[in-house]
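Chemist: Below is the structure I would like to discuss, written out as structure tokens.
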Amino acid sequence: MAYDIKFRVWDKQSKEFSSKGYAITLEGKLLRFGQPVQNEENFILHAFTGLKDKYDKELYEEDIIEHTIAKGGNLTQEIGVIRYNNNHAAFYLDDTLPLLQLFSIRKIGNPYENPILFDLYNKK
1 MAYDIKFRVW
11 DKQSKEFSSK
21 GYAITLEGKL
31 LRFGQPVQNE
41 ENFILHAFTG
51 LKDKYDKELY
61 EEDIIEHTIA
71 KGGNLTQEIG
81 VIRYNNNHAA
91 FYLDDTLPLL
101 QLFSIRKIGN
111 PYENPILFDL
121 YNKK
């Protein structure tokens, strides 16, 4: 299985995501068009999980998703935040469920582009 190593960058000043023109050095430094970015703290990197939701939208860490889960013989929807778990070297939903074990995933958004979701993000 091939895995696309991709990321997106949130620019705190322009308040938008981009991946065009950005690169990361082996030392972990962020470059923009081959030059080191100034004020690296103004940028937030999100890794691509390698997965897409049921509508073919790419899923990145810190995205907020809804998924279906079976509980007591009933199907129910739960909402959570995608996070990378260093102990397991995998993406998890709220550090409890491995992302690969979920089904019927729907991307709701992220707290950067949709501030209404920020409260939900902070609760997780």
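Numbering-wise, the UniProt record's numbering puts 76 at position 76 of the sequence shown, and it's gapless, one number per residue. Note that beta-carbon positions come from the ideal geometry of N, C-alpha and C, so glycine has one too.
1) Under the rule that 16 or more other beta-carbon atoms within 10 Å means buried, what is leucine 26, buried or exposed?
2) Quick one: what's got a C-beta closer than 6 Å to tyrosine 112's C-beta in the same chain, skipping five residues either side?
3) Return the chain-ordered ranges of every alpha helix (DSSP H) run that is complete within the UniProt domain "YopX protein" (6–117) and spans a minimum of 4 residues.
4) Is the distance from the Cβ of leucine 31 to the Cβ of isoleucine 105 below 9 Å?
5) Just mark lysine 20 as buried or exposed, buried being the case when its beta carbon has 16 or more other beta carbons within 10 Å.
6) Under 8 Å Cβ to Cβ from aspartate 94, same chain only, skipping five residues before and after it: list those, please.
Modeler: Per the coordinate set shown:
1) The residue is exposed, with fewer than 16 neighbouring Cβ atoms inside 10 Å.
2) Trp10
3) Whole alpha helix (DSSP H) segments, 4+ residues: zero.
4) no
5) exposed
6) Gly80, Val81, Arg83 and Lys124
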